[in-house]
Amino acid sequence: MKKWLFHISSLFIFICLSCSNESTNEYVPTPSPLQIPQFFQDNILNPIIPNSNPQTIEGITLGKKLFFDPILSGDNTQACADCHAPEHAFSDTDRFSDGIDGIVGNRNSMPLFNLAWNYDEKFFWDGKSFSLEHQAFVPVTSPIEMKSTWQEVAQKLQQHSEYPNLFNQAFGTSTIDSTLVTKAIAQFERTLISSNSKFDKHLLSGATLTPEERNGFNVFMDETKGDCFHCHGSDKNPLWTDNIFHNNGLNAIITDLGLGAVTGDPADNGKFKSPSLRNLAFTAPYMHDGRFATLDEVINHYSEGLKNSTTIDPLMKKVAQGGVQLSAQDKADLKAFLLSLSDYEFINNPNFKN
Amino acid sequence: MKKIIYILIVTLLFSCHTDNDDNVFQVNTTFNFIHYWDDTKVTNTDFNTIQYTNANGEEMSIEKLRYLISKITFQKSTGETFVLDGYNLVDVTNGTNLSFTSTTTVPTGDYTNVVFTFGFNNDDNAANYQDLNSASWSVPAILGGGYHFMQLEGKFIDNTTTETGYAYHAIRAVDNSKTPQEFQDTFIEVDLGEVSITKEATFEIKMNIAEWFKSPNIWDLNVLNNMLMPNFNAQVMIFENGQNVFSLESITQ
Ligand code: HEC
Ligand code: HEC
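So the protein lines, in turn, are chains A and B.
What the first sequence shows, in the numbering used here, is residues -11 to 342, in sequence order.
What the second sequence shows, in the numbering used here, is residues 4 to 256, in sequence order.
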């Protein structure tokens, strides 16, 4: 056995030596590996970072500048950050955000954090976009969002006084194209890690919860009460989402097909991605169509407002009675617990602000 | 440079060879999981349609099925055992992990039993697993913690002819009405019987889903359709019904 190890290690040493002989002086940006919170490291799988787009200091800096720069929009008035603002955990307060022409869509803006842990890499409420790099292509040309063309954007950036140099530092070329723009934005988005809520601190270092928060957590975890953990994470899954698509009983008649429109499978109609329950204090209104202005409305929905339809999730129980019928006390406690998942350090992190 | 690598590889191969000194070889084994409703094959393309009738007479569908298999063990007549590393979360819904090949090899030869565990035994259930946590597979601490053994979900037509959801979740049985909590083991050790391994072998393990609803307890979904995790008696019934759910369909080698 020891002999084996010796052979293998000497093999590696030789290979490594032979590599270093061949290396040239090609420019490499400075690696900046994601700072994975210990608590994530201990409990869940590593984040997804494509080999073709490693995190670098220069790439992240560029991605951040692009994210906050209205230059990406057709008339230079709208940045990603307009609909994804740091103080709202990178969401906004509108029910439907409006694009540069004031046209509104039919979906609520999504908060952006812990995106690198979306293992299936299906983005948007209906999962229509695969990978963060690919997602960032969409808003720039969407007629109801930034309504530009990539040709136009690349041209504007190319003629800009700073961008060509920043792209050179990040990717070793000052020829700007859509692929590099989306790579840089994706690098910045991956750094948006939220892991410092009161509840995180409770789990990590025993910060004390109020009795209400503690009972609220039990309501969340109790199959006979809230039973939220099957879809929305738990103390063992600090993402507070399964990132899977479900119909949680919002509509008796489904008009926005959600995942069903993407897969073409009627069994997926009315299914949307479970959002993370982190940072709810900053992300109202709620649900894919922003129909609920407050957490009380959300909790009332699960407690007595469920609507039956053929694709409703089997975990939505007691649908005939409208839901799980939580007591007033349990509702209030559940809300207190949900709010303890909000991360004020995240929304105030200077690295994430313009 | 190339020469050195070549010499090293050759040395490696030789040092390897010296380990195999008789006619016993170390081989990989693969376990494939297939699913039936009695005699009808079930795959995820059959999901989401009410088309099965359980022993109690309810028509029902399957929307989700995933379950945990662990501790695959080869036992010799001498009492010697070989336990395969790892566990496998079979996910029929997504058609993933329907096949499991452990990194552990076993020697060729005759075995009196090949046994696997449905779920986790108590030791394994007490550890922390990143992949299972990421798959939202854990069990709340208020129910003793650890992990689900199975999640079987879908719809059935209830006795008021309403389509209703069910969530047939298997975990270690816990009685929460007692302090301290009382547990009963409900992981299942499935014995596939006598096996002779001559070379790399592929086992086909069949789950008859209908059995979960059949015997010895005829399952009435009208009564037991949800909130089964904190239901001690329901967990014991699931354990009892699980005894004849699995069978060895074939071994190819
Ligand atoms: C006009 C408002 C608006 C602008 C501008 C905008 N977004 Fe969005 N964003 C949304 C909405 C609305 C959704 C959800 C849309 C849906 O699911 O159909 C969304 C979804 C996303 C998601 C998916 C998150 C997830 O968890 O699946 C990402 C990532 C994202 N946006 C990044 C960006 C980036 C990067 C930009 C700039 C290039 C940008 N957005 C510009 C409104 C906007
Ligand atoms: C079957 C899976 C499932 C269960 C169980 C479940 N949810 Fe949800 N939840 C979802 C999905 C899916 C959405 C998004 C639905 C949509 O917008 O169409 C959602 C949305 C939410 C939102 C809105 C978040 C936002 O950013 O818009 C909150 C808050 C929420 N759920 C809380 C809860 C609570 C509290 C419970 C337990 C009482 C619970 N959920 C149980 C799947 C589930």
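Beta carbons are placed, not taken as given, at the ideal position from N, Cα and C, and that holds for glycine.
Keep in mind that this is a model prediction, so the values were computed, not measured.
Terminal residues of the beta strand (DSSP E) in which residue i lies
i: Thr32(B); result: Thr32 to Trp40
i: Arg69(B); result: Lys67 to Gln78
i: Asn204(B); result: One point to set straight first is that residue 204(B) is Ala, not Asn, in the sequence displayed. Note, Ala204(B): beta strand (DSSP E), Ala204 to Asn211.
i: His172(B); result: Glu166 to Ala173
i: Ser158(B); result: What sits at residue 158(B) in the sequence shown is Lys, not Ser. Residues Met153 to Ile160.
i: Phe249(B); result: Phe249 to Thr255
i: Ser199(B); result: Val198 to Ile200
i: Ser102(B); result: Ser102 to Thr104
i: Asn116(B); result: Asn116 to Phe121
i: Ile191(B); result: Ile191 to Asp194
i: Phe186(B); result: Glu185 to Gln187
i: Asp178(B); result: Ala176 to Asp178
Residue i Cβ short of 8 Å to ligand 1 heavy atom set
i: Met304(A); result: no
i: Ile132(A); result: yes
i: Lys261(A); result: yes
i: Pro74(A); result: no
i: Gly47(A); result: no
i: Arg266(A); result: no
i: Asp86(A); result: yes
i: Gln309(A); result: no
i: Phe112(A); result: yes
i: Gly90(A); result: no
Continuous alpha helix (DSSP H) stretch holding residue i: start and end
i: Tyr290(A); result: Leu283 to Glu292
i: Phe205(A); result: Pro199 to Met209
i: Tyr332(A); result: Tyr332 to Ile335
i: His276(A); result: Neither: His276(A) is in no alpha helix (DSSP H) and is coded neither H nor E.
i: Pro99(A); result: Looking at the DSSP string, Pro99(A) is not in any alpha helix (DSSP H), and its letter there is neither H nor E.
i: Leu103(A); result: Per DSSP, Leu103(A) belongs to no alpha helix (DSSP H) and is neither H nor E.
i: Glu140(A); result: Trp138 to Gln147
i: Ser162(A); result: Where Ser162(A) is concerned, there is no enclosing alpha helix (DSSP H), given that its DSSP letter is neither H nor E.
i: Val136(B); result: Here residue 136(B) turns out to be Asn, not Val, going by the sequence shown. Note, Asn136(B): alpha helix (DSSP H), Gln133 to Ser137.
Assigned secondary structure, residue i (DSSP; H/G/I helix, E/B strand, else coil)
i: Val142(B); result: coil
i: Asn153(A); result: helix
i: Glu83(B); result: coil
i: Ser193(A); result: helix
i: Gly89(B); result: coil
i: Asp24(B); result: Reliability fails at Asp24(B), whose pLDDT of 45 lies under 50, so the model's placement of it is uncertain and no value is given.
i: Val312(A); result: coil
i: His220(A); result: helix
i: Thr179(A); result: coil
i: Val250(A); result: helix
i: Asp49(B); result: helix
i: His234(A); result: strand
i: Ser79(A); result: strand
i: Met63(B); result: strand
i: Gln29(B); result: strand
i: Asn225(A); result: strand
i: Gly245(B); result: helix
i: Phe118(A); result: strand
i: Gly112(B); result: strand
i: Lys341(A); result: coil
Any non-hydrogen atom of ligand 2 closer than 8 Å to residue i Cβ
i: Asn102(A); result: no
i: Cys219(A); result: yes
i: Leu168(A); result: no
i: Gly246(A); result: yes
i: Phe78(A); result: no
i: Tyr290(A); result: yes
i: Asp301(A); result: yes
i: Asn235(A); result: yes
i: Pro99(A); result: yes
Three-pair Cβ contact test at 8 Å for the region 34 to 49 of chain A versus the region 278 to 297 of chain A: no
Segment contact, 8 Å Cβ cut-off, at least three pairs: the region 231 to 239 of chain A with the region 249 to 266 of chain A: Counting Cβ pairs under 8 Å, three or more are found: they touch.
Validate contact between the region 84 to 94 of chain B and the region 105 to 120 of chain B using beta carbons, cut 8 Å, 3 pairs: With three or more CB-CB distances shorter than 8 Å, the region 84 to 94 of chain B counts as touching the region 105 to 120 of chain B.
Contact the region 209 to 223 of chain B vs the region 38 to 54 of chain B: 3+ CB pairs below 8 Å: With the cut-off at 8 Å, the region 209 to 223 of chain B and the region 38 to 54 of chain B touch.
Three or more C-beta pairs below 8 Å linking the region 114 to 122 of chain B and the region 73 to 82 of chain B: The answer is yes - the region 73 to 82 of chain B touches the region 114 to 122 of chain B, with three or more Cβ pairs under 8 Å.
The region 177 to 186 of chain B / the region 215 to 225 of chain B touching (three or more Cβ pairs under 8 Å): no
Given 8 Å, three or more beta-carbon pairs between the region 89 to 102 of chain A and the region 157 to 164 of chain A: no
Stretch-stretch touch, CB-based, cutoff 8 Å, three pairs: the region 14 to 34 of chain A with the region 137 to 148 of chain A: Taking 8 Å as the limit for Cβ pairs, the verdict is that the region 137 to 148 of chain A does not touch the region 14 to 34 of chain A.
Touching by the beta-carbon criterion (3+ pairs, under 8 Å), the region 162 to 179 of chain A and the region 119 to 126 of chain A: The region 162 to 179 of chain A is in contact with the region 119 to 126 of chain A.
Segment contact flag, the region 305 to 318 of chain A with the region 200 to 217 of chain A, C-beta cutoff 8 Å, min 3 pairs: Because the criterion of three Cβ pairs below 8 Å is met, the region 305 to 318 of chain A and the region 200 to 217 of chain A touch.
Any 3 or more C-beta pairs closer than 8 Å across the region 218 to 227 of chain A and the region 66 to 81 of chain A: no
Three-pair Cβ contact test at 8 Å for the region 54 to 64 of chain B versus the region 230 to 238 of chain B: no
Sufficient close CB pairs (3 or more, under 8 Å) joining the region 202 to 210 of chain A to the region 322 to 329 of chain A: yes
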